[in-house]
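Quick note, the sequence shown lines up with residues 0 to 176 if you use numbering that gives the first Met the number 0.
Here a beta-carbon is modelled for each residue, glycine too, at the ideal position from N, C-alpha and C.
So the structure is just underneath, and the comments pick up after that.
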Amino acid sequence: MDLQTIRHFIEYHKWANRKVWECVDSVSQEQYTQAHDYSIGSLHKQVHHVLSNDWAAFYAIAHGQQWPNKESEGYFSLEDVASKAAAWARWDQIEAYIDEVVAQLTEEQLTEQWTMPAGPDVYFQASLGELLYIMVNHAMNHRAQILALVHQYGGTTTEMGLYFYLAETRVAIPAAD
0 MDLQTIRHFI EYHKWANRKV WECVDSVSQE QYTQAHDYSI GSLHKQVHHV LSNDWAAFYA
60 IAHGQQWPNK ESEGYFSLED VASKAAAWAR WDQIEAYIDE VVAQLTEEQL TEQWTMPAGP
120 DVYFQASLGE LLYIMVNHAM NHRAQILALV HQYGGTTTEM GLYFYLAETR VAIPAAD
């Protein structure tokens, strides 16, 4: 995995998050916090999960594989993003943080091996490049769950796949005659 590809996937990730956040804005605050029995629960919990995983991954990158805890600078709880407005404000901060960390990444760092948690007292090894790919893929899963809930609540949904990112962000090329 090379740095250009990683940066491309991170840009896609940020784009997809913004698309999905716009959809979450189409439901009421009550629906945002409404309990749900699938996966990790409400839209509120799903959004917090995506935000906190992004923040934690980039915190660990910036702090030499030191994973954050509740005392870490920048930590935020579920209650800190209880409103949609608070969640979006937090996302703006996290996105800026991601940009800062990604700007400092090197090709060499992408091959560094990390010890990744896989459950209580269970770990596996992955390179930083793989960790970043896992983060984007994990968020894609939760974005799909978020969109399904938004749809169930009658809100607006969107396409968020890589195909649609490329179609929206690349210059249109006229069809050949």
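- In this structure, DSSP gives Gln65 a state outside helix and strand, which the three-state scheme calls coil.
- About 7 Å separates the beta carbon of Val149 from that of Ser25, a gap short enough to meet the 8 Å contact definition.
- In this structure, Lys83 sits near Val23, with a CB-CB distance shorter than 8 Å.
- As the crow flies, the alpha-carbon of Leu127 is around 6 Å from that of Trp113.
- In summary, Tyr162 is exposed, with fewer than 16 beta-carbon neighbours lying within 10 Å of its beta-carbon over all protein chains present.
- DSSP, reduced to helix, strand and coil, places Met0 outside both helices and strands of the structure shown, so it counts as coil.
- Note on geometry: alpha-carbon atoms of Ile97 and Ala175 lie some 39 Å from one another.
- The beta strand (DSSP E) runs of length 3 or more contained entirely in the stretch 86-138 are, from start to end of the chain, 112-118 and 121-126.
- Cα atoms of His35 and Glu78: separation of roughly 17 Å, rounded to the nearest angstrom.
- Following the DSSP letters along the chain, one finds Tyr164 inside the alpha helix (DSSP H) bounded by residues Leu161 to Thr168.
- By the neighbour-count criterion, in which a residue is buried when 16 or more other Cβ atoms sit within 10 angstroms of its Cβ, Phe8 is buried.
- Under the three-state reduction of DSSP, Thr156 is assigned to coil, being neither helix nor strand.
- In this model, Phe75 and Ser51 are separated by some 8 Å (Cα to Cα).
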